[in-house]
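Chains as they are written, first to last, in my numbering: chain A, -16 to 538; chain B, 93 to 564.
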């Protein structure tokens, strides 16, 4: 019985907007693509972008000049996933445009102007995750990416090219690359552009500054000289240059052999109360959601569960903004969990590697989900190895000390198990494991863990080792969780998001953490400022003929 | 659970303790701590004697006042909530009109816990403050009343501990333990509120404490009785019944002091009564000044955002909230405070929501004044030309708007030097206190009274004044 404030909804203008709202579909097979064309030719895959301008993801903007929105980017993410899992022969992916004279104009400005703040933030995060995935595929799967820039390439278009291993620019004495966000739109090149200029391509900072403030961009030789592109080719030689460069890149590939993995559909059954997949089920409440993973010994469990988790995290981000807290649970036998976890230790074929990387990406998706993450470890759960890794991604871990004594046949007390999976094969975006990050700077604590590898750890020991946050017994269990969730929903969601993002990534910075922290945090701040999104701001005024009005006070 | 404790016998209650496993477990570890606290910090003597005490064994008409002789350590401290009100609604604040809460909303957990801890902290504190008074009681009747108040303050502690145990999980249990770990006047672990760290060294102070400071308790409990957190509301409602007796002890006790002084003044036709072993009226006035002013401090700052937040959230209302003729939201309502400006008093308008403490304090002052009028009637009836007065509310304040001011009991704003020069006229001096202490000789013969106090008009619960309230 709850008569507390949680029913009252004082601060949240509860919008059951998902009733009748088109839920975002994150699972699109290549044969349903509207904007991309994927062709496979032995070792080379080619992704041709020809945006269907009359197919926006929402609203009524037109996707002119190969500009993109979330719909276009979801297809790109699916394409990469299919290449990685379904096509083990592919060693190089060519990204190019099917539109005459234009490679890609970046994110659609009308879409950005029309989108609410949370969509802008989610859109940028998702596109950043996809571009980082391309780089991860290059580094860890041996799939090289070639940007065949065969036309005007600006903003997010150039940022997409920056995520590739090699940028081949058409040299027709007019086509340029540019990052016009600051001078034209009053926002940042937020899809990793600023970070990759300096940290990946090592462009000198003053040149990066010049480039990022020069709306018309830089073309041909100068772009090559500055290191903004890797190669030039005239229009007549372009296709030949693409082919030979793609073959060169494929030769550099270290991709292992493997068998193609068939990617199952992850489309869930959704209702007002539940999002249901095969092994993942989410129950929706007023201000929080409870996600449970059912663990079995099925041979495709690892693949399916990772895809389902990934899918549901995207859905929770985009379509359920009012759910601020996510409670994670698992249910299943210890034997099954141990079995499944061991399935992630093999990396001798490309399909094994891809399965491991799929989980790794899924976990980093969790790390970057702007909701309070809580794990509830109860009897009947099996937080072992990869599943414990989910818990270690959380802001708080509650573990029941003992049994539910009132149950008729109480299950044995819950235990957790550390495995090799927890010690390095699933690093976060800062390239260290969640355990290393959790115990950052405390070598004693890390050392204390090693004797407990593959050992059942009960609540008291888990607390002593610092693996869990609190260990209430069955008398306090429900109340402690309820109060935590209610307290969380009473805090400012903005402050919580910011606080959690700070606490989740102890330790070193990487290009990825800079993109998600420095670049995205500044971008999200810029997005809320009147200079960008106010009625006279640059986003609103863009293309209207009227100049934006800026409040130019600085600190 | 391996326990053979008969909870309903040992701990009278109406909270279904028998079937509440969590509460049982919490109390199992707390109850021995309470017992050892009581033996170390409770009454310093008479623990082995039988006292004629009232025990609450039920909340009904018959049950809440059960009288019998009982030894203090055997007293059955119980847990009682007044009967629930059907479909009770929140009476004030932003959530006015919504159903009250049967559980603590996570959003307000910290604030509610704090309110309960602060209230709970005062209950054992007064027992500690009064620890040695049993050695100087003016009569067995008064000694019995002291113990009655002590055990009931103990029960009020139980009531607050019940809330902490039943509704606040592990944090609540830790706070309940801490209530026994802080002690009045302990330099390292003092009680939370300043007034509860002062010693109650003599019976005159004690009687004024029960009149003024326990009356603050009445107002605080009354404000918490309005709470949207229903278990807190019902707990406080029941505590108020007992609190009324404490104030009766103060009001009637001071009345008896006045009566005795009048008798001696008339008998010897003089104001100079100290030599006859009674308390002169000027000294009594100084004691009134002191206790009234320190009790005013307990209401907190005149303008308070904490109090405003508590009110808006529905956690703590005003005493008799229904009796206020306003919207009970207070955001749009206006009120005022009186500030000292250039040596004069000036009325400053304030949003009512920011002066909730002050509203509570004002009704407290009115209530205090009623008892003073009754005391003055005793003076009138005895033909004594003297009137006791409550000092100005800005007099001798250590908390709030007036803490930097030097104000006389009449309300004149002075300088620090001027005030210091005449302070001995306003507040008890060391020699006044020494004199009062010198009168504190125990009287333990049945029906006998100390020199400085008249007998009460009636005894306890139909017993005579010479009843053996304490079996020596």
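Even for Gly, the Cβ is constructed at its ideal location relative to N, Cα and C.
Beta-bridge pairing of residue i - partner residues as DSSP gives them
{"i": "residue 144 of chain B", "result": "B:161"}
{"i": "residue 331 of chain B", "result": "Residue 331 of chain B is not bridged to any residue."}
{"i": "residue 161 of chain A", "result": "A:137"}
{"i": "residue 80 of chain A", "result": "A:32"}
{"i": "residue 307 of chain B", "result": "Note: residue 307 of chain B sits in no beta bridge, so no partner."}
{"i": "residue 131 of chain A", "result": "A:151"}
{"i": "residue 201 of chain A", "result": "A:160"}
{"i": "residue 438 of chain B", "result": "B:431"}
{"i": "residue 380 of chain A", "result": "A:358"}
{"i": "residue 75 of chain A", "result": "A:27 and A:127"}
{"i": "residue 321 of chain B", "result": "B:193"}
Cβ-Cβ separation, residue j to residue i (assumed contact under 8 Å), whole Å
{"i": "residue 535 of chain B", "j": "residue 230 of chain B", "result": "6 Å"}
{"i": "residue 45 of chain A", "j": "residue 18 of chain A", "result": "Not really, about 13 Å apart at Cβ, beyond 8 Å."}
{"i": "residue 420 of chain A", "j": "residue 489 of chain A", "result": "5 Å"}
{"i": "residue 464 of chain A", "j": "residue 366 of chain A", "result": "Not quite, the Cβ-Cβ distance comes to about 16 Å (not below 8 Å), so this is no contact."}
Reduced DSSP category for residue i - H, G, I as helix; E, B as strand; rest coil
{"i": "residue 416 of chain B", "result": "coil"}
{"i": "residue 23 of chain A", "result": "strand"}
{"i": "residue 434 of chain A", "result": "helix"}
{"i": "residue 463 of chain B", "result": "helix"}
{"i": "residue 186 of chain B", "result": "coil"}
{"i": "residue 117 of chain A", "result": "helix"}
{"i": "residue -3 of chain A", "result": "For residue -3 of chain A, the predicted model reports a pLDDT of 34, less than 50, meaning its position is unreliable; a value from the coordinates is still stated below. Residue -3 of chain A falls in the coil class under three-state DSSP."}
{"i": "residue 378 of chain B", "result": "helix"}
{"i": "residue 293 of chain A", "result": "helix"}
{"i": "residue 427 of chain B", "result": "strand"}
{"i": "residue 51 of chain A", "result": "strand"}
{"i": "residue 400 of chain A", "result": "strand"}
{"i": "residue 261 of chain B", "result": "helix"}
{"i": "residue 471 of chain A", "result": "helix"}
{"i": "residue 484 of chain B", "result": "coil"}
{"i": "residue 440 of chain A", "result": "strand"}
{"i": "residue 306 of chain A", "result": "coil"}
{"i": "residue 541 of chain B", "result": "coil"}
{"i": "residue 105 of chain B", "result": "strand"}
{"i": "residue 191 of chain B", "result": "strand"}
{"i": "residue 133 of chain B", "result": "helix"}
{"i": "residue 443 of chain B", "result": "strand"}
{"i": "residue 390 of chain A", "result": "coil"}
{"i": "residue 339 of chain B", "result": "helix"}
{"i": "residue 367 of chain A", "result": "strand"}
Residue i at chain A interface by Cβ criterion, 8 Å
{"i": "residue 374 of chain B", "result": "no"}
{"i": "residue 323 of chain B", "result": "no"}
{"i": "residue 198 of chain B", "result": "yes"}
Closer than 8 Å to chain B by CB, residue i
{"i": "residue 458 of chain A", "result": "yes"}
{"i": "residue 462 of chain A", "result": "yes"}
{"i": "residue 1 of chain A", "result": "Per-residue confidence for residue 1 of chain A stands at a pLDDT of 38, beneath the threshold of 50, marking its modelled position as unreliable; the derived number appears in the next sentence. No, because no Cβ of chain B sits closer than 8 Å to the Cβ of residue 1 of chain A."}
Any non-hydrogen atom of the ligand SAH closer than 7 Å to residue i Cβ
{"i": "residue 212 of chain B", "result": "The model on display carries no ligand, and the ligand SAH is accordingly not part of it."}
Notebook entry, point to check: Taking any Cβ of chain B, which residues in the segment 464 to 490 of chain A have a Cβ under 9 Å from it, in chain order?
Noted result: 465, 466, 467, 468, 469, 470, 471, 472, 473 and 474
Exercise. Quick one: which residues of the segment 108 to 120 of chain B get their C-beta closer than 7 Å to a C-beta of chain A? List them in chain order.
Key: 113, 114 and 117
If contact means a Cβ-Cβ distance below 9 Å, which residues of the segment 171 to 201 of chain A contact chain B? none
When Cβ atoms are compared, which residues of the segment 174 to 207 of chain B fall closer than 9 Å to chain A? 186, 187, 190, 191, 192, 193, 194, 195, 196, 197, 198, 199, 200, 201 and 202
* **chain A contacts from the segment 260 to 282 of chain B (Cβ-Cβ distance under 7 Å)** => 261 and 262
Listed in chain order, which residues of the segment 437 to 457 of chain A have Cβ atoms closer than 7 Å to some Cβ of chain B?
455
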